[in-house]
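One structure is given here, and the rest of the page talks about it.
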Amino acid sequence: MRTARLLLVASSALALGVACTSTETAADDAIEVTLRNDAVTLDPTTAPAGSVTFSATNEGTETHEIEVFHVDPKALPIADGVASTDGLELLDEIEDITPGGNADLTVDLAAGSYVVMCNLPDHYGRGMVSSFDVT
């Protein structure tokens, strides 16, 4: 009887541990944004429609930002060292992410094509843009 109670307690503790672990991993669904001086990398590059969290890390040597637009990145001309976003709606942004810094941004997104970019002078032109799809 004592062995049966110990097995019951152990299996309950194991089940509780699994349940706690699964509820604490919601942040694992975030899109990891890596900022370098010449690139913005997203992992993964797709997300389901709804609340999307971007978790940005600046691995570059300069201060960067991230801006989120609902647009095809090929449609953005460059003027004066920045992407021309005239007439586009900036969905949200994080400014001043210093070297080694981290920041999170959560945005509600509908299905479609989006870009995340750093649009500080000359940063977009160096390749600091990445596209992703929301399904």
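Converting from the sequence shown to my numbering requires adding 1 to each position, the first position being numbered 1.
The beta carbon of each residue, even a glycine, is placed where N, CA and C say it ideally should be.
All figures in this text were calculated on a predicted structure; none of them were measured in a lab.
Query raised in the report: Name the DSSP beta bridge partners of ALA40, please?
Result: ARG37
Query raised in the report: In whole angstroms, what separates the C-alpha of ASP87 from that of PRO78?
Result: 10 Å
Query - Alpha carbon of VAL34 to alpha carbon of PHE55, nearest angstrom - result: 6 Å
Requested in this report: Measure from the alpha carbon of VAL108 to the alpha carbon of each residue in THR42, ALA48, ASP44 and ASP39, then state which is nearest.
Outcome: When each option's Cα is compared against that of VAL108, the closest is ALA48.
Query raised in the report: Can the beta-carbon of VAL154 be found closer than 9 Å to that of GLY128?
Result: Because the chain spans 2 through 136 in this model, residue 154 falls outside it and cannot be assessed.
Query raised in the report: Which residue spans inside the region 109 to 133 form an unbroken alpha helix (DSSP H) run of at least 4?
Result: Here no run is fully enclosed.
Query raised in the report: From which residue to which residue does the beta strand (DSSP E) around ALA57 run?
Result: 51 to 59
Query raised in the report: In whole angstroms, what is the alpha-carbon distance linking ILE98 and THR64?
Result: Going by the C-alpha atoms only, they are around 5 Å apart.
**Report entry** Three-state secondary structure (DSSP) of ASP81
**Finding:** coil
Query - Residues of its chain near ALA111, where Cβ-Cβ distance is below 6 Å and the 5 sequence neighbours each way are ignored - result: Setting aside the 5 residues that flank it on each side, ALA111 is surrounded in the same chain by ALA50, each with a C-beta closer than 6 Å to its C-beta; the list follows chain order.
Query - Inter-residue spacing [alpha-carbon to alpha-carbon] between ASP123 and VAL117 - result: 15 Å
Query - Residue range of the beta strand (DSSP E) that includes HIS71 - result: Looking at the DSSP string, HIS71 is not in any beta strand (DSSP E), and its letter there is neither H nor E.
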